[in-house]
Amino acid sequence: MMNENKLIKSFHKSLEAKGYQGRIVHARHIPDLRNDIRKYHEQNLLYLPLYNEYKAYFEFEAKVDFAQINSLLIIAIPQPQIEAIFHWNKKRVSLFIPPTYLHGREIIDYMTKFLSDIFKPAGYNLAYAILPQKTLAVRSGLAEYGRNNITYLPEMGSFHRLLTFYSDFPIEDGNWQELRMMGLCKECSACIRKCPTGAIPTDRFLLRVERYITYHNEQPEGVPFPEWLDSSWHNCLVGCLHCQKICPANKKVKDWIELGPIFTEEETKLLLNGRTIDNLPTETKKKIFS
Ligand code: B12
Ligand code: SF4
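According to numbering that gives the first Met the number 0, the sequence shown holds residues 0 to 289 in order.
Here's what the structure looks like:
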């Protein structure tokens, strides 16, 4: 146990040195986690097309190539917004990409190595996990829910990415809590009032996914926006930031913006004309991929 305690300390210290946060929970809560989603599905409260789309996350199977899963490691990493700049009719137009949309694969690879460097030398294994992470983050005590159903941490607000790993690292049971809403939300309804589509209900906590701007703008090319979605409500290149930008718990992070690609007037024109990526000049292609 001595060595395990040392590893837990090293885990927290290494994360904190990077500005990250993490928790380790006992694997016996895996069925509880599944049940946290199943119970809403059984009451028909989850939007069925979305449920089916993300079934692998909600009805997740814990498969790893080591003998036994003993714990779940959940990590939160701060993430900025990215500003992409376009030029149109001699004007500069900034379009934002919300936190967590970019570089997902690189961050998973980076964190796999980061955590392996801590746990592998002691003989423990790790595997990236696909499961409902907001629920796990709140159950583990790492985060709290905002009314907008997004998770919040004190220093990062909602501008973070969650990552989960299965491990055979043994942990004593203890970190499993009731789902918790941020204290700040008790006296606040800014996100409810700001959301133009009414996706954040007042009669229940669970969001109305079918009203999300994000749900609709993440649909593949060719799927039209519903008629009720007013085009003036769009506020990002993809996703939505209405409720996160207005939120007082994001005061410290809401202006954290990193500069992304800058598209010239000519490039913007090509994109608006629907030119496919394969038929774009090499320089423009590079910007798109970045
Ligand atoms: C499916 C999904 C989507 C779907 C559906 C969203 C949804 N609400 O389910 C779509 C495509 C629409 C989407 C949109 C977005 N997503 Co998304 N999405 C996911 C995914 C894959 C699963 C989420 C999930 O578990 N949904 C199931 C629902 C039922 O769970 P829930 O929303 O947590 O609901 C819980 C609460 O309502 C709670 N509850 C019920 N009653 C009560 C009562 C009280 C008092 C309390 C406290 C709690 C409570 O119980 C429910 C179940 O536990 C995760 C990645 C992952 N692996 O987890 C990313 C993830 C949640 N998404 C993320 C992000 C950033 C977004 C967007 C903000 C992107 C954007 N800027 O536009 C939006 C906004 C989403 C929102 N407001 O919820 C991040 C969240 C980071 C964060 N800080 O929370 C994640 C974790 C991805 C990541 N790796 O970082 N997403
Ligand atoms: S805007 Fe207010 S109610 Fe909504 S999540 Fe933030 S603090 Fe909570």
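The beta-carbon is built from N, C-alpha and C at its ideal position, and this holds for glycine as well. Everything numeric in this text was worked out from a predicted model, so none of it was measured.
beta-carbon residue i near the ligand B12 non-hydrogen atom, thresh 7 Å
i: residue 205; result: yes
i: residue 149; result: yes
i: residue 179; result: yes
i: residue 41; result: no
i: residue 97; result: yes
i: residue 241; result: no
Residue i Cβ short of 7 Å to the ligand SF4 heavy atom set
i: residue 189; result: yes
i: residue 135; result: no
i: residue 248; result: yes
i: residue 197; result: no
i: residue 245; result: yes
Assigned secondary structure, residue i (DSSP; H/G/I helix, E/B strand, else coil)
i: residue 151; result: strand
i: residue 181; result: coil
i: residue 171; result: coil
i: residue 103; result: helix
i: residue 241; result: helix
i: residue 127; result: strand
i: residue 164; result: strand
i: residue 304; result: The requested residue 304 does not occur in the structure, where the chain is confined to residues 0 to 289.
i: residue 279; result: coil
Status (buried if at least 16 other CB within 10 Å, exposed otherwise) for residue i
i: residue 165; result: buried
i: residue 117; result: buried
i: residue 109; result: exposed
i: residue 257; result: exposed
i: residue 204; result: exposed
i: residue 97; result: buried
i: residue 34; result: exposed
i: residue 72; result: buried
i: residue 160; result: buried
Review point. At what residue ranges does the segment 200-254 contain a whole run of the alpha helix (DSSP H), taking only runs of 4 or more?
Key: List check, alpha helix (DSSP H) in window: 212-216, 241-245.
Review point. For the segment 27-81, which segments carrying the beta strand (DSSP E) assignment without a break, of at least 3 residues, lie completely within its bounds, in sequence order?
Key: Taking only runs of at least 3 residues, the beta strand (DSSP E) segments lying wholly in the segment 27-81 are 70-77.
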